[in-house]
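Engineer:
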Amino acid sequence: MAERRPADRPRPGRRPGRAAAVLLVGLTVGLVAAAGCGRRTPAPQPSPTPTPSATSTTGPGLVLLSEADPRILTDIRYAGPHNFIGRPVTGYAEPVCLLTGPAAEALRRVQDAALVTGHTLKVYDCYRPQSAAEEFLTWAGRPDDQRMKAEFYPRVAKSDLFDQGYLGAPTAHSRGSTVDLTLVGLPPPAQAPYVAGQPLVACAAPVPERFGDNSVDMGTGFDCFDPLAHIDATGVSATAGENRRLLRRLMTEGGFVGYDREWWHYRYGDEPWPDTYFDLPVARSSAD
């Protein structure tokens with residue numbers, strides 16, 4: 022999602038990463054107090070569009086996850102129509118996962134640990150351009166555009182998505198060290214492709230009814246704007262709860278920090294760009 026997360030407070034004293042001439046978008050923002058998984062936190066609020074800085078001689082040092090670890094599966098939802106706005110999102114030129122080098126290396130170690138449990142990781146979103154986050158804000162301001170409501174937010178009014186913490190900007194994804202992901206059993210089951218215009222089923226419906234993602238049961242689908250998507254939700258099945266705890270353990274032990282409203286969202290704790298948001302396209306050409 023595009024939310025401005027309570028756990029994403031900038032940390033002073035970090036030094037920028039590798040050199041590359043790119044346009045940086047956004048600098049330090051005042052974020053709300055940090056909070057761990059399961060704690061009650063203030064709802065994220067939209068923020069003004071960050072003003073571009075001058076052209077810098079340093080860049081985010083993005084790498085392709087497919088090169089850092091080709092074992093990890095990808096299902097980049099914002100590059101296609103199967104997402105909460107129902108169309109490809111601005112800035113997603115290719116369905117690839119980009120991450121900063123340290124975050125990609127940390128995720129490779131998590132994949133090693135996941136394989137031991139009989140699972141592989143699958144990522145839905147990684148680095149996200151600031152322009153994409155701004156498109157989410159624009160979409161949220163169009164009350165008549167609710168074509169994907171039946172699947173992604175059937176029990177939440179679109180006008181409440183900000184107040185309930187499901188949307189906001191800027192987003193930690195634009196700093197390059199945040200990933201949305203799940204677990205898939207081994208060997209990975211086949212997954213039927215999404216067909217635009219197909220009947221929508223609520224993301225919190227039982228597994229046999231909702232979209233046929235090949236993920237293990239996590240209690241809801243990805244990007245589900247629903248209380249059942251909260252990481253410690255009590256209304257999910259015992260199996261879904263176990264799967265969420267396994268993902269959280271693997272990611273936490275790998276150095277990532279979760280977000281209490283989304284079981285799929287994790288930020289690398291030692292991210293190299295804690296204060297800076299980028300607007301490079303999601304494309305192979307953006308990798309160093």
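According to the working numbering, the stretch in the sequence shown is residues 22 to 309, in order. All residues carry an ideal CB built from backbone N, CA and C; glycine is no exception.
Comparing C-alpha positions only, which one of Pro102, Leu120, Ser258, Asp253 sits nearest to Ala226?
Structural biologist: Of Pro102, Leu120, Ser258, Asp253, the residue nearest in Cα terms is Ser258.
Engineer: Starting from Leu188, trace the alpha helix (DSSP H) both ways and give me its first and last residue.
Structural biologist: Looking at the DSSP string, Leu188 is not in any alpha helix (DSSP H), and its letter there is neither H nor E.
Engineer: Quick one: what does DSSP say Phe17 is sitting in, helix, strand or coil?
Structural biologist: Because the chain here runs from 22 to 309, residue 17 falls outside it and cannot be looked at.
Engineer: How would you call Ala211, buried or exposed, if buried means at least 16 neighbouring beta carbons within 10 angstroms?
Structural biologist: By the neighbour-count rule (16 or more Cβ atoms within 10 Å), Ala211 is not buried but exposed.
Engineer: For Pro109, which option in Arg265, Leu83, Asp146, Gly242 has the closest C-alpha, if you only look at C-alpha atoms?
Structural biologist: When only C-alpha atoms are compared, the closest one is Asp146.
Engineer: Look at Cys224 and Glu172 and say whether their C-beta atoms are less than 8 Å apart.
Structural biologist: Against a cut-off of 8 Å, the Cβ pair of Glu172 and Cys224 comes out as a contact.
Engineer: Is Ser68 helix, strand or coil by DSSP?
Structural biologist: Model confidence at Ser68 stands at a pLDDT of 33, short of 50, so the residue's coordinates are unreliable; what they give is reported in the following sentence. DSSP places Ser68 in coil when its eight states are reduced to three.
Engineer: To which residues of the same chain is Gly276 closer than 7 Å at the C-beta, ignoring the five residues directly before and after it?
Structural biologist: Cβ neighbours of Gly276 beyond the five flanking positions: Ala127, Tyr289, Gly290, Asp291.
Engineer: What does the Cβ neighbour count give for Pro209, buried or exposed, with the cut at 16 atoms within 10 Å?
Structural biologist: Exposed, since its Cβ has fewer than 16 Cβ neighbours within 10 Å.
Engineer: Using the Cβ count rule (16 or more neighbours within 10 Å means buried), how would you classify Asp184?
Structural biologist: Under this definition Asp184 is an exposed residue.
Engineer: Measure the beta-carbon distance from Phe243 to Tyr215 and round it to whole angstroms, keeping in mind my assumption that it falls under 8 Å.
Structural biologist: So it is not a contact: roughly 12 Å between Cβ atoms.
Engineer: Going by DSSP, name the residue or residues bridged to Asp309.
Structural biologist: DSSP, once it has assigned bridges, lists no residue as partnering Asp309.
Engineer: Would you mind reading off the limits of the alpha helix (DSSP H) that contains Leu271?
Structural biologist: Leu271 -> alpha helix (DSSP H) spans 259-274.
Engineer: When the Cα atoms are used, what is the spatial distance from Thr241 to Asp201?
Structural biologist: Approximately 14 Å, taken between the alpha carbons.
Engineer: Output the distance between the C-alpha atoms of Ala64 and Gly279, rounded to the nearest integer angstrom.
Structural biologist: In this predicted model, Ala64 has a pLDDT of only 35, less than 50, meaning its place in the structure is not dependable enough to derive any value.
Engineer: Among Ala308, Ser306, Asp300, Arg92, which has the Cα closest to the Cα of Arg332?
Structural biologist: Lying outside 22 to 309, the shown extent of the chain, residue 332 is not represented and no answer is given.
Engineer: Any idea if Arg92 is buried or exposed, counting beta-carbon neighbours within 10 angstroms, 16 or more meaning buried?
Structural biologist: Exposed is the call here.
Engineer: With distances taken Cα to Cα, identify the nearest neighbour of Leu86 among Gln132, Gly107, Ser195, Ala114.
Structural biologist: Looking at the Cα atoms, Gln132 is the closest of the given residues.
Engineer: State the Cα-Cα distance for the pair Leu119 and Ser307, rounded to the nearest angstrom.
Structural biologist: The straight-line gap from Cα to Cα measures roughly 8 Å.
Engineer: Identify the residues that DSSP records as bridge partners of Phe232: which are they?
Structural biologist: Partner(s): none; Phe232 has no beta bridge.
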